[in-house]
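Written below as structure tokens is the structure these notes are about.
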Amino acid sequence: MNFQQLALDVLEGHELTDSEAMDVLNCPDEELLNLLHSAYKIRHHHYGNHVKLNMIINTKSGLCPENCGYCSQSSISTAPIEKYRMMDKESIIQGAKQAHQLNVGTYCIVASGRGPSNRELNEVISAVKEIKDNYNMKVCACLGLLKPDQAEKLKEAGVDRYNHNINTSENHHESITTSHTYRDRVNTVQLIKDAGISPCSGVIIGMKETREDVVAMAKSLKALDADSIPVNFLHAIDGTPLEGTDDLNPRYCLKVLCLMRFINPSKEIRISGGREVNLRSLQPLGLYPANSIFVGDYLTTAGQESTADHQMLKDLGFEIDFVSGEPVFS
Numbered sequence: 272m273n274f275q276q277l278a279l280d281v282l283e284g285h286e287l288t289d290s291e292a293m294d295v296l297n298c299p300d301e302e303l304l305n306l307l308h309s310a311y312k313i314r315h316h317h318y319g320n321h322v323k324l325n326m327i328i329n330t331k332s333g334l335c336p337e338n339c340g341y342c343s344q345s346s347i348s349t350a351p352i353e354k355y356r357m358m359d360k361e362s363i364i365q366g367a368k369q370a371h372q373l374n375v376g377t378y379c380i381v382a383s384g385r386g387p388s389n390r391e392l393n394e395v396i397s398a399v400k401e402i403k404d405n406y407n408m409k410v411c412a413c414l415g416l417l418k419p420d421q422a423e424k425l426k427e428a429g430v431d432r433y434n435h436n437i438n439t440s441e442n443h444h445e446s447i448t449t450s451h452t453y454r455d456r457v458n459t460v461q462l463i464k465d466a467g468i469s470p471c472s473g474v475i476i477g478m479k480e481t482r483e484d485v486v487a488m489a490k491s492l493k494a495l496d497a498d499s500i501p502v503n504f505l506h507a508i509d510g511t512p513l514e515g516t517d518d519l520n521p522r523y524c525l526k527v528l529c530l531m532r533f534i535n536p537s538k539e540i541r542i543s544g545g546r547e548v549n550l551r552s553l554q555p556l557g558l559y560p561a562n563s564i565f566v567g568d569y570l571t572t573a574g575q576e577s578t579a580d581h582q583m584l585k586d587l588g589f590e591i592d593f594v595s596g597e598p599v600f601s
């Protein structure tokens, strides 16, 4: 496979065939640098050397009735995590202040559960209004399955983006959870779009899916027209059904990121949960296909020190995306 030519074809509007997509995932390790360079051509065309920073606040932990096999917060998990109900408005706003100090462009308000209660939604809405009045950043919410009126209220409050991941392929979905359907997730993304909120939807790689499943995920996200695509790599947690799963290596993770860029050339591809334990020393290379990362901790697992992330970007010669009018460094 001539990956350089494939990148040029993508920039001219070519959509990868299933065979070409499999060639990307099956790229021989000795061709990996060539593949990364090819994906970088597409990334640079759309984003230059800019990197977007995102930060999560876990506003409600555990207590979830769903049975997702990867999640330490699910009803079937025995993982010893901290559990608490929805934070108050002041705590959510304090998290936004910290994110602003780190020059984060998007602050992600996340809560466990099937979907938000009216009380929980009102707490988030109240916090969002104050955050938007005081900080120059985008706000993303991730609160589970939504009803149409809830999506409209979030839009009115100033929520810029809503995250609801498809997580895996339609074919593999019932191997991961049965308490909701793949169609439930797709319908929520469509509802978000109908409300005028930017859709964010991504995947978790490493949950015993096939490579054909990974291709299907990338193409499903293209069909959904998700503006932002978080690519998580499974950090298997003891006490979950996927405990002990360790199917990934850093080189394959890079190939997945390249595939996402080839299939979704103009979209924000974000390296998300599990990057530290799966990409390990190859984390910097992930930013050649991807243009966005999370800083700080994730939901129930620790992330890399934010100062190390900033240093990594500076060493790469990349710039943090504009937040207050000026890049953090150049």
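Numbering (the working numbering), first residue to last: 272 to 601. All C-beta atoms in this analysis are idealised placements derived from N, C-alpha and C, irrespective of residue type, glycine included. This one's a predicted model, so the numbers in the text were calculated from it and none came from an experiment.
Inset, instruction - Can you give me the start and stop residues for the alpha helix (DSSP H) that Ser552 sits inside? - result: Within the sequence shown, residue 552 is the residue found at index 281, counting from 1. In the DSSP assignment, Ser552 falls outside any alpha helix (DSSP H) and carries neither an H nor an E.
Inset, instruction - Return helix, strand or coil for Asn438, following the three-state DSSP convention. - result: By 1-based counting over the sequence shown, the position of residue 438 is 167. In the three-state reduction of the DSSP assignment, Asn438 falls in the strand class.
Inset, instruction - Would you tell me roughly how many angstroms separate the C-alpha atoms of Ser388 and Val395, rounded to the nearest one? - result: Mapped onto the sequence shown, residue 388 falls at position 117. Mapped onto the sequence shown, residue 395 falls at position 124. Straight-line Cα distance between these residues: approximately 11 Å.
Inset, instruction - Just mark His257 as buried or exposed, buried being the case when its beta carbon has 16 or more other beta carbons within 10 Å. - result: An answer regarding residue 257 cannot be provided, because it is not within the stretch 272 to 601 covered by the chain.
Legend entry - Where His506 sits in the DSSP three-state scheme: Residue numbering aside, residue 506 sits at position 235 when the sequence shown is read from its first letter. Taken through DSSP and simplified to helix, strand or coil, His506 comes out as coil.
Legend entry - Nonlocal neighbours in the same chain, by C-beta distance under 8 Å from His451, ignoring five residues either side: Here residue 451 refers to the residue found at position 180 when the sequence shown is read from its first residue. Shown here for His451: same chain residues with a beta carbon closer than 8 Å to its own, the five before and five after excluded, namely Glu337, Arg385 and Leu416 in chain order.
Legend entry - Simplified DSSP state of Ser601, which is helix, strand or coil: Numbered from 1 along the sequence shown, position 330 holds the residue referred to as residue 601. Low confidence applies to Ser601: its pLDDT is 30, below 50, so where it sits in the model is not reliable enough to give any reading.
Inset, instruction - Count the other CB atoms, across all protein chains shown, that sit within 10 Å of the CB of Ser601; report buried if there are 16 or more and exposed otherwise. - result: Within the sequence shown, numbered from 1, the residue matching residue 601 stands at position 330. With a pLDDT of 30 at Ser601, under the threshold of 50, the modelled position of this residue cannot be trusted; read the value that follows with caution. Under this definition Ser601 is an exposed residue.
Legend entry - Cα-Cα separation, Asn549 to Ile564: Counting from 1 along the sequence shown, the entry for residue 549 is found at position 278. Counting from 1 along the sequence shown, the entry for residue 564 is found at position 293. Taking the straight line from one Cα to the other gives about 14 Å.
Legend entry - Collapsed DSSP secondary structure at Lys354 in the structure displayed: Looking up residue 354 in the sequence shown gives position 83. If DSSP states are grouped into helix, strand and coil, Lys354 belongs with coil.
Inset, instruction - Whole angstroms is fine: what's the gap from Glu361's alpha carbon to His285's? - result: Along the sequence shown, read from residue 1 onward, the residue named residue 361 stands at position 90. Along the sequence shown, read from residue 1 onward, the residue named residue 285 stands at position 14. Cα to Cα, Glu361 sits roughly 48 Å from His285.
Legend entry - Inter-residue spacing [alpha-carbon to alpha-carbon] between Val527 and Leu556: For the purposes of this step, residue 527 is identified with residue 256 of the sequence shown, where counting begins at 1. For the purposes of this step, residue 556 is identified with residue 285 of the sequence shown, where counting begins at 1. Taking the straight line joining both Cα atoms gives about 12 Å.
Legend entry - Local conformation of Thr578 per DSSP, three classes: The count along the sequence shown starts at 1 and reaches residue 578 at position 307. Thr578: helix per DSSP, three-state reduction.
Inset, instruction - Tell me whether Gly467 is buried or exposed, calling it buried when 16 or more other Cβ atoms sit within 10 Å of its Cβ. - result: Position 196 of the sequence shown, counted from the first residue, corresponds to residue 467. Exposed, by the Cβ-count rule.
Inset, instruction - From the DSSP output, in three-state form, read off Thr571 for me. - result: Residue numbering aside, residue 571 sits at position 300 when the sequence shown is read from its first letter. For Thr571, the predicted structure reports a pLDDT of 45, less than 50, and the residue's modelled location is therefore unreliable. The matter cannot be settled from this model.
Legend entry - Identity of the residue in Asn325, Ser348 and Thr459 nearest Ala367 by Cα: Position 96 of the sequence shown, counting from 1, holds the residue named residue 367. Nearest option by C-alpha distance: Asn325.
Legend entry - Residues of its chain near Met272, where Cβ-Cβ distance is below 6 Å and the 5 sequence neighbours each way are ignored: By one-based count along the sequence shown, residue 272 stands at place 1. So the qualifying residues of the chain are Asp294.
Inset, instruction - Would you mind sorting Ala370 into buried or exposed? The rule is 16 or more other CB atoms within 10 Å of its CB. - result: Within the sequence shown, the letter at position 99 stands for residue 370. So Ala370 ends up on the buried side.
Inset, instruction - Could you check the C-alpha separation between Pro419 and Phe274 for me, to the nearest Å? - result: Counted from its first residue, the sequence shown places residue 419 at position 148. Counted from its first residue, the sequence shown places residue 274 at position 3. Rounded to the nearest angstrom, the two C-alpha atoms are 43 Å apart.
Legend entry - CB contact flag (Val457, Val430, <9 Å): Here residue 457 refers to the residue found at position 186 when the sequence shown is read from its first residue. Here residue 430 refers to the residue found at position 159 when the sequence shown is read from its first residue. The answer is no: Cβ separation not under 9 Å.
Inset, instruction - Return helix, strand or coil for Thr481, following the three-state DSSP convention. - result: Locating residue 481 in the sequence shown gives position 210, counting from the first residue. In the structure shown, the three-state DSSP call for Thr481 is coil.
Legend entry - Three-state secondary structure assigned by DSSP to Met488: Along the sequence shown, read from residue 1 onward, the residue named residue 488 stands at position 217. Helix.
Inset, instruction - State the beta-bridge partners of Arg432 as determined by DSSP. - result: As a working note, residue 432 is residue 161 in the sequence shown. Cys411 and Ser469.
Legend entry - Proximity of Ala489 and Asn535 at Cβ, strictly below 9 Å: On the sequence shown, residue 489 is found 218 positions in, with the first residue counted as 1. On the sequence shown, residue 535 is found 264 positions in, with the first residue counted as 1. Inclusion of Ala489 and Asn535 in the CB contact set at 9 Å is warranted, their separation being smaller than that value.
Legend entry - For Met326: DSSP bridge partner residues: Counted from its first residue, the sequence shown places residue 326 at position 55. Its beta-bridge partners are Tyr378 and Val566.
Inset, instruction - Go ahead and pull the three-state DSSP assignment for His308. - result: The residue given as residue 308 occupies position 37 in the sequence shown. Correct three-state label for His308: helix.
Legend entry - Validate contact between the segment 499-518 and the segment 469-486 using beta carbons, cut 8 Å, 3 pairs: Look at the beta carbons and you see the segment 499-518 touching the segment 469-486: at least three pairs across the two are nearer than 8 Å.
Inset, instruction - Measure the CB-CB distance between Gly340 and Pro512 and report whether it falls below 9 Å. - result: Taking the first residue of the sequence shown as 1, we reach residue 340 at position 69. Taking the first residue of the sequence shown as 1, we reach residue 512 at position 241. Contact flag set, yes.
Inset, instruction - Use the C-beta contact count for Leu304: other C-beta atoms within 10 angstroms, 16 or more gives buried, fewer gives exposed. - result: Along the sequence shown, read from residue 1 onward, the residue named residue 304 stands at position 33. Exposed, since its Cβ has fewer than 16 Cβ neighbours within 10 Å.
Legend entry - Span separating the alpha-carbon of Ala398 from that of Leu373: Within the sequence shown, the letter at position 127 stands for residue 398. Within the sequence shown, the letter at position 102 stands for residue 373. Near 19 Å, if we compare the C-alpha coordinates of Leu373 and Ala398.
Legend entry - Cutoff 6 Å; reference Ser309; Cβ partners in own chain excluding five residues on either side: Numbered from 1 along the sequence shown, position 38 holds the residue referred to as residue 309. Phe274, Gln275 and Ala278.
Inset, instruction - Could you spell out the range, first to last residue, of the beta strand (DSSP E) harbouring Arg541? - result: As a position in the sequence shown, residue 541 is number 270, starting the count at 1. Judged by DSSP secondary structure, Arg541 falls within the beta strand (DSSP E) whose first and last residues are Glu539 to Ile542.
Legend entry - Contacts around Lys403, its chain only, beta-carbon distance under 6 Å, and the 5 residues preceding and following it disregarded: Translated into positions along the sequence shown, residue 403 becomes position 132. Cβ neighbours of Lys403 beyond the five flanking positions: Gly429.
Legend entry - CB of Val460 within 9 Å of CB of His443, strictly: The residue you call residue 460 lines up with position 189 of the sequence shown. The residue you call residue 443 lines up with position 172 of the sequence shown. In this structure, His443 does not lie closer than 9 Å to Val460 by Cβ.
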